[in-house]
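**Q** Submitted below is the structure of interest, expressed as structure tokens.
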Amino acid sequence: MERRVSRHICTNIAVELLSPTEAQSLCYLVNERHDRAEGDLTMPAPGDVPKFVGECHDGFRLTDEGWRFTRRKVELAFVRPSRPRAK
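Numbering (the UniProt record's numbering), first residue to last: 1 to 87.
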């Protein structure tokens with residue numbers, strides 16, 4: 001959707017090596033999102049409050065191709081209520 005401006009912001013990323021081939025991480029996740037009116041391509045988009053804020057808990061395993069995700073768990077702490085879309 002060209003009208004939607006969205007960014008996922010990951011902060012305070014902490015990675016813990018559990019073994020030579022396994023790791024886990026935690027990061028805080030913030031999603032900023034703005035749905036613009038039809039034809040409005042103005043940048044920067046206006047900011048308000050985040051769409052959601054939470055944590056990502058990830059697991060990793062080292063393979064012959066490099067590090068790969070083994071799991072992802074997202075826990076949301078805050079969610080902005082939905083609003084009618086701009087026309």
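Ideal Cβ placement from N, Cα and C applies to all residues, glycine included.
Is the distance from the Cβ of G54 to the Cβ of L18 below 9 Å?
**A** Going by C-beta atoms, G54 is not nearer than 9 Å to L18.
**Q** Starting from the C-beta of D8, find all residues in its chain whose C-beta is less than 6 Å away, skip the five residues before and the five after it, and write them out in chain order.
**A** It should be pointed out that residue 8 corresponds to His in this sequence rather than to Asp. Here the set comprises N31.
**Q** Out of A23, E16, P44 and K51, point me to the one whose CA is closest to R33's CA.
**A** Here the closest residue by C-alpha is K51.
**Q** Is there contact between the stretch 41-48 and the stretch 66-76, where contact requires at least three CB pairs shorter than 8 Å?
**A** The stretch 41-48 is not in contact with the stretch 66-76.
**Q** List the endpoints of the continuous beta strand (DSSP E) containing L29.
**A** Taken as a continuous stretch (DSSP letters only), the beta strand (DSSP E) holding L29 covers E22 to D35.
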